[in-house]
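Enquirer:
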Amino acid sequence: MTPSFPMLDPLVYAYVPAARTNESIKNDLAAHCQDILKSHIGHKTEVNHTQLMDLVKRRLLQLSPNGSSVTKFSNLIMRLEDQQVLSRKQEAILFLFTLSSLSTQQATSIPIPILSQPSPTKLIADTAPSDSSASKLESTQPNAARLAKFRAQRGVPHLNESLLVRDTLYLLQGISGKYARFAISQTNEKTLIFSTDPKAVVTPPTQALIHRLAELGYLYSRIDSFVRERENAPGVGMIEQSLCHYLQTQLTEYYRLIAVLETQLSSTRTNDASVMGEETGLSLRRLDVWVNEWRLRMRMMSICVEGAKDSHGGALVNLIHSYTDNGDPFVRKFTHELLEEVSRPFFATLHKWLFSGELYDPFEEFFVTADSSLGHIPYVHPSSLPGGISQLSGDAIFENSNPDSEDISGLRENGKKSWETKYRFRKDMLPLFVGEAFGKKIFSTGKSLNFIRYSCLDSDWVVTREKMSNNGGSLLYGDIAGLERSIDTAYQLASHRLFEVFIDKFKLLDHLSALKNFLLLGHGDFTDQLMETLAPSLARPANTLYRHNLTANLETAIRSSSAQKDSVDVLRRLDARILEYSHGEIGWDVFTLEYKVNDPIDTVLDHEAMEKYLKLFKHLWQMKRIQRALDKGWMRVTGDARNFIHLPELESEWHKVRIVMAEMIHFIRQLEAYCRLEVIECSWKILIDFLNKKEGDLDALIEAHRTYLDRTIKKVHLWHSRPGKEEVLLRQLMEIFGYILQFREAMDNFYNYCLSRSAFKDQAMDAERGVYTGSSKGEVVDSEDALPGLLDRVKEYGTAFSDRVQTLVHHLQVHPDLDCRFLGIRLSFSDFYRPKKELHAGAKS
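Quick look at the structure:
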């Protein structure tokens, strides 16, 4: 009975893929294996284990005289003995040995694969396949050789694999081979085309494997083209140059791998040709194992190359950094190595900017960009400023003690322009591993150092740089925590030094105090003296005023008040000025005080800030004028009216005038106390606390001063936060001021009338005693006719004032600002206006 072997079909399918689709090949191979099993296996069972091992080793020595195959075979046998998968291990080895020995030619003509691989370089040693992969390759190699012989017997002209390996090595370098070559398709895509020669057929599985290997050649070509293109292109940034350098280094390592593989292929053919008659050793599958890691490297580099075409500078660093968010350890490691190299120019620029305030960025790759037109602006000495009481002096001429004097040439940059417009922050170029918060600190630190050097001409900036360099730590991509500490330290040192320069050297606090004392009328006695000396002139038309007269009055007010104790430099910056006027305006409408500042102080006290100070001065000066007018009016109605006017019939009218004036005085004094104590002084304390802390940079100082001014203006002007109603209360307040002045004028007219009536009575009494003064009776009659009109105007303006104040108090009581609501309570005169309002409402009903 002929024995059957049902397990042969699965074995044939497993080891010969072509048999899965070709029934004739499967049947031939199965029949051949059955012949082997029938004729040899049963007769070889008497061979013991030791004899069998000796037979195999002798055969291997014939095929590979160097003995490496024997060593590999011994290792495989030892591993096989520990496995429990096969129960008849010796029979399986005997079957394979017999299968390799059968041939119509000499038994030694069937090749046994070379199991060892040379490792001439560290690169190959690091990327060598594992033992498990090698064992799989070795187990399939006898089958591949057997299959090649079978195909030769069948007359199928399949190419020898060694020829395809040679072509594949060319393909790995982006070069077309003899049997497989690159071609450009109609869509401008690179494709792989195989030989159509019927005598050189490449099977589909082999084509798929070559396609897989040729991917490296395609990626290599893209990367190499990018590097060569950037080498010859003008204006390539330093970050791109670093990327190209890293890519070229990787390509060089890739060249070494290709060279080693070619050397191995050549040496294998030389050593084995005399023994085997054909090339063995380096197969396509083994080649695929060797280059597996490089496939991942090439893919990553290709992605970077593709992104680099549309990215530049810090944006390119961000693109590469985004690949670190990957779960693959290989991708993270590769990206980290790439960023270490690519970010070197960035950190070099960062170091110079952070510790010296110098920006060296010829290709605009940094996240800070400079306006070179504002590099060095000639410094204008304060004494050359137009106007003023006299020529300015003080800390005027600054010696050039900066070590980089060749960059300054004795010129000071314009502080305001230098700080605000010389450098700009570009968020799109900021690396993600830095973060926007630290990016702003870096920007501020370098800008502060640059400002100290070129705008402040600080001779101690070198000491500051030394401190920053010594305490800075490392600036490396691999040490982000150290980078953040360095940024924080540099930011604090530079900001602290900048505060010291502004406060100690340029006396910023003295200038702020001067503005508060003079333009915000903080010096009360100075304000009273100035008001007293200027009042006669300011009551005249604006076109009759002369600046030198105003300046003389200003000097008089300074000498006769406590303001004379201020520093000479502060007083010389103070000036009196006439604003542009139109027809009909008087001196009160166009007079203002001016305080001149020069750079670098004008960085904080810029033109916009000085405009706000002038706006506050105008408002507070108007309030002071109202207060002075009411004070003089009150002295007249309480003193002069009783001493010089003897009209009992008008005493009730004077009583009404005194009540309205008391109401006005209460209003203006409460308003002035609110502006002085609750607004200006409270805002000033917040600003001083910030300056004492010396925290933040110059932008923070500018913002703190701007906040101080904005808070003061909004509260003094009773600014409403609702859109469209911001200046409603201010307009109401201006109307009230106008009614007070009109009432004061009407009261003066009434006072003059009463004075003339009293004088007439005195003349009449003198006439009875025989003393004549020569007064005209007709004039007295005319003045009596004017009395109703005078009383009507006094009553009209007094009533209008009360009504407007009542409306203002009502609006203040619902104001969103708490201080304004408290002002409404204080102005209400112990809730005086509420019952008055209710009374008016009852009368109307």
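The numbering of the sequence shown is the numbering used here, which starts it at 1291 and goes up by one. Note that CB positions come from ideal geometry on N, CA and C, so glycine has one too.
Taking the beta carbon of Asn-1338 as the centre, do at least 16 other beta carbons fall within 10 Å, making it buried, or is it exposed?
Expert: When all chains shown are included, Asn-1338 counts as exposed.
Enquirer: Taking the alpha carbon of Glu-2086 as the point to measure from, which residue in Arg-2059, Leu-2098, Glu-1631, Leu-2031 has its own alpha carbon closest?
Expert: Ranking Arg-2059, Leu-2098, Glu-1631, Leu-2031 by Cα distance to Glu-2086 puts Leu-2031 first.
Enquirer: Kindly confirm or deny that the stretch 1940-1955 and the stretch 1893-1913 touch, where touching means at least three C-beta pairs closer than 8 Å.
Expert: Result no; under three Cβ-Cβ pairs closer than 8 Å.
Enquirer: Give the secondary structure of Asp-1859 by DSSP, where H, G and I count as helix, E and B as strand, and everything else as coil.
Expert: Reduced to three states, the DSSP call for Asp-1859 is helix.
Enquirer: With DSSP as the reference, label Asp-1896 as helix, strand or coil.
Expert: DSSP places Asp-1896 in coil when its eight states are reduced to three.
Enquirer: In angstroms with no decimal places, state the Cα-to-Cα distance between Ile-2026 and Arg-2094.
Expert: Answer to the nearest angstrom: the Cα atoms are 6 Å apart.
Enquirer: Any idea what DSSP makes of Thr-1928, helix, strand or coil?
Expert: Helix at Thr-1928.
Enquirer: Are the stretch 1957-1967 and the stretch 1911-1921 in contact at 8 Å, needing three or more beta carbon pairs?
Expert: Enough Cβ pairs lie closer than 8 Å, so yes.
Enquirer: Could you check whether the stretch 1823-1836 touches the stretch 1997-2009, counting it as contact only if at least three pairs of C-beta atoms, one from each stretch, sit closer than 8 Å?
Expert: Short answer: they don't touch.
Enquirer: Looking at Ser-2118 and Val-2104, is the spacing between their C-beta atoms short of 7 Å?
Expert: Cβ distance not < 7 Å, so Val-2104 and Ser-2118 don't count as in contact.
Enquirer: Inspect the CB distances between the stretch 1523-1531 and the stretch 1620-1638 and report whether three or more fall short of 8 Å.
Expert: The stretch 1523-1531 vs the stretch 1620-1638: in contact.
Enquirer: In its own chain, which residues sit with a C-beta less than 8 Å from the C-beta of Leu-1809, not counting the 5 before and 5 after it?
Expert: These residues qualify, in order along the chain: Leu-1883, Tyr-1885, Tyr-1903, Leu-1904, Leu-1906, Phe-1907.
Enquirer: My guess is that Ser-1853 and His-1813 are in contact by the Cβ rule of under 8 Å, so how many angstroms apart are they, rounded?
Expert: In the sequence on display, residue 1853 carries Ala and not Ser. Right, the Cβ-Cβ distance comes to about 5 Å (below 8 Å), so this counts as a contact.
Enquirer: Specify, as a first and last residue, the run of the beta strand (DSSP E) that Arg-1471 falls within.
Expert: 1470-1474 is the extent of the beta strand (DSSP E) around Arg-1471.
Enquirer: What distance in whole Å lies between the Cβ atoms of Leu-1577 and Val-1455, which are believed to be in contact at a cut-off of 8 Å?
Expert: Indeed, because the Cβ distance is near 6 Å, the residues count as touching under 8 Å.
Enquirer: Please report how far the alpha carbon of Leu-1739 lies from the alpha carbon of Arg-1518, in whole angstroms.
Expert: Rounded to whole angstroms, Leu-1739 to Arg-1518 spans 40 Å at the Cα level.
Enquirer: On the criterion of 16 or more Cβ atoms from any shown chain inside 10 Å, does Gln-1819 qualify as buried, or is it exposed?
Expert: By the neighbour-count rule (16 or more Cβ atoms within 10 Å), Gln-1819 is buried.
Enquirer: What span of residues does the alpha helix (DSSP H) with Lys-1362 cover, start to end?
Expert: Start and end: 1358-1371.
Enquirer: Hey, how far is the Cα of Lys-2004 from the Cα of Ile-1970?
Expert: Answer to the nearest angstrom: the Cα atoms are 11 Å apart.
Enquirer: Please report the distance separating the alpha-carbon of Trp-1974 from that of Leu-1991.
Expert: So the two alpha carbons sit approximately 14 Å from each other.
Enquirer: Buried or exposed, going by whether 16 or more other CB atoms sit within 10 Å of the CB of Val-1581?
Expert: Burial call: buried.
Enquirer: Counting only the same chain and skipping the five closest in sequence on each side, list residues whose C-beta sits under 7 Å from that of Ser-1592.
Expert: Result list for Ser-1592: Leu-1509, Arg-1512, Ile-1513, in chain order.
Enquirer: Compute the beta-carbon to beta-carbon distance between Leu-1449 and Val-1492, rounded to the nearest angstrom, for a pair I have assumed lies under 8 Å.
Expert: About 6 Å separates the two Cβ atoms, so the contact holds.
Enquirer: Look at the Cβ atom of Leu-1533, then the Cβ atom of Gln-1554, and state whether they are nearer than 7 Å.
Expert: The answer is no: Cβ separation not under 7 Å.
Enquirer: Checking 7 Å against the spacing of the C-beta atoms, do Leu-1844 and Ala-1866 come in under that value?
Expert: Yes, Cβ-Cβ distance for Leu-1844 and Ala-1866 is below 7 Å.
Enquirer: Tell me where the alpha helix (DSSP H) around Lys-2005 begins and ends.
Expert: 1988-2006 is the span of the alpha helix (DSSP H), which, as asked, contains Lys-2005.
Enquirer: Considering Ile-1970, what are the terminal residues of the alpha helix (DSSP H) in which it resides?
Expert: Segment: none, Ile-1970 is in no alpha helix (DSSP H) and carries neither H nor E.
Enquirer: Can you look up Ser-1695 in the DSSP assignment and give me helix, strand or coil?
Expert: Note that Ser-1695 has pLDDT 34, beneath the 50 cutoff, so the model's placement of it is unreliable and the number below is only indicative. Of the three classes helix, strand and coil, the one that applies to Ser-1695 here is helix, per DSSP.
Enquirer: Going by alpha carbons, who is nearest to Trp-1709 out of Gly-2114, Leu-2008, Ile-1891, His-1626?
Expert: Here the closest residue by C-alpha is Ile-1891.
Enquirer: Starting from Val-1621, trace the alpha helix (DSSP H) both ways and give me its first and last residue.
Expert: 1619-1632 is the extent of the alpha helix (DSSP H) around Val-1621.
Enquirer: Would you say the stretch 1934-1951 touches the stretch 1833-1849, given that touching needs at least three Cβ pairs under 8 Å?
Expert: In short, these stretches do not touch, since the Cβ pair count stays below three.
Enquirer: Where does Phe-2050 fall in DSSP's three states?
Expert: In this structure, Phe-2050 counts as helix in the three-state DSSP scheme.
Enquirer: What does DSSP give as the partner residues of Glu-1884 in its beta bridges?
Expert: DSSP output for Glu-1884 lists Asp-1865 as bridge partner(s).
Enquirer: Since Tyr-1713 is in the beta strand (DSSP E), which residue starts that stretch and which ends it?
Expert: Per DSSP, Tyr-1713 belongs to the beta strand (DSSP E) from 1713-1715.
Enquirer: Suppose only complete runs of 4+ residues qualify. What are the alpha helix (DSSP H) ranges in the stretch 1459-1527, listed by chain order?
Expert: Counting whole runs of 4 or more residues, the stretch 1459-1527 contains the alpha helix (DSSP H) stretches 1494-1522.
Enquirer: So does the stretch 1599-1613 actually touch the stretch 1647-1661, counting three or more Cβ pairs closer than 8 Å?
Expert: As far as the Cβ criterion goes, the stretch 1599-1613 touches the stretch 1647-1661, which means the pair count is three or higher.
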